[in-house]
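Going by this note's numbering, the residue at position 57 of the sequence shown is 57; the numbering climbs one at a time, nothing skipped.
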Amino acid sequence: EAPDDKAARADNIQQLARRVNNLKAGGIDSIILMGDLNVIAEDSNAKPTAEYQQLLLPAMRSAGLTDIYRKLHAVAATDPGFTYDGTKNPLIKTFAAGDAALRQRLDYIFTSAMPVATGVVPVFTYQSAKSRAVIPTSDHFPVAGHIDVAVTVSNEENTRDEVVFGKTNLNQLAKDDGK
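Encoded structure:
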């Protein structure tokens with residue numbers, strides 16, 4: 001790997017941490033940060049990498065965020081949560097034949113709230129209309145989580161009520177709020 005790649009990734013992670021801290025300074029307490037951060041959490045032997053331990057975790061902790069997958073699945077040796085797994089995802093062989101045996105956790109959910117559950121979804125696929133072949137939609141497995149979020153809202157009487165959103169459709173709430 002080129003040193004410039006690591007430097008760029010380190011800069012991106014610091015930018016994310018600064019952005020989260022700015023949101024918190026602006027009064028936003030519940031934050032969920034998720035995505036492919038291209039930082040390998042643990043190697044194929046379930047040993048944490050230096051980049052994960054010395055860069056990603058400290059930056060996210062400084063922003064008050066927790067890696068919820070590792071929080072709920074503390075032992076990497078028994079539950080590694082590989083999201084890039086050449087041994088199980090045939091699409092990796094298509095894009096990167098040299099990664100056929102590579103297994104890594106690159107995709108994350110960091111949150112300021114305590115998670116209820118999280119896991120790696122086996123794989124999303126689609127079936128080709130022409131060949132009828134079942135094909136993975138990505139070379140990464142998705143990460144899913146269930147997080148109950150409590151928020152305080154003001155009602156017409158200007159009193160404050162606490163509302164807990166669990167299995168509520170948050171997309172619909174966002175749509176309704178935009179009216």
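Glycine residues also receive a C-beta, built at the ideal position from the N, C-alpha and C atoms.
Because the structure is a prediction, the values reported are computed rather than measured.
Going by the beta-carbon positions, is the gap between residue i and residue j smaller than 7 Å?
i, j, result
"Ala8", "Ala46", "no"
"Lys93", "Ala101", "no"
"Arg103", "Asp79", "no"
"Ser30", "Ser112", "yes"
"Ile13", "Ala59", "yes"
"Val39", "Leu65", "no"
Taking 6 Å as the limit between beta carbons, can you name the residues of its chain near residue i, skipping five residues before and five after?
i, result
"Asp107", "Asp36, Thr83, His140, Val143"
"Lys88", "none"
"Ala63", "Ala17, Val20, Asn21"
"Ile32", "Thr111"
What's the gap between the Cα of residue i and the Cα of residue j?
i, j, result
"Val123", "Ala50", "Because Val123 sits at a pLDDT of 47, beneath the cut-off of 50, its placement in the model cannot be relied upon, and the point is left open."
"Ala10", "Pro90", "30 Å"
"Ala96", "Gly27", "43 Å"
"Gln53", "Ile68", "15 Å"
Whose C-beta lies closer than 8 Å to the C-beta of residue i among residues of the same chain, with five residues either side of it excluded?
i, result
"Arg70", "Ala41, Ala76, Gly81"
"Lys6", "Glu51"
What are the complete beta strand (DSSP E) segments, minimum 3 residues, inside the stretch 41-126?
107-111, 117-120
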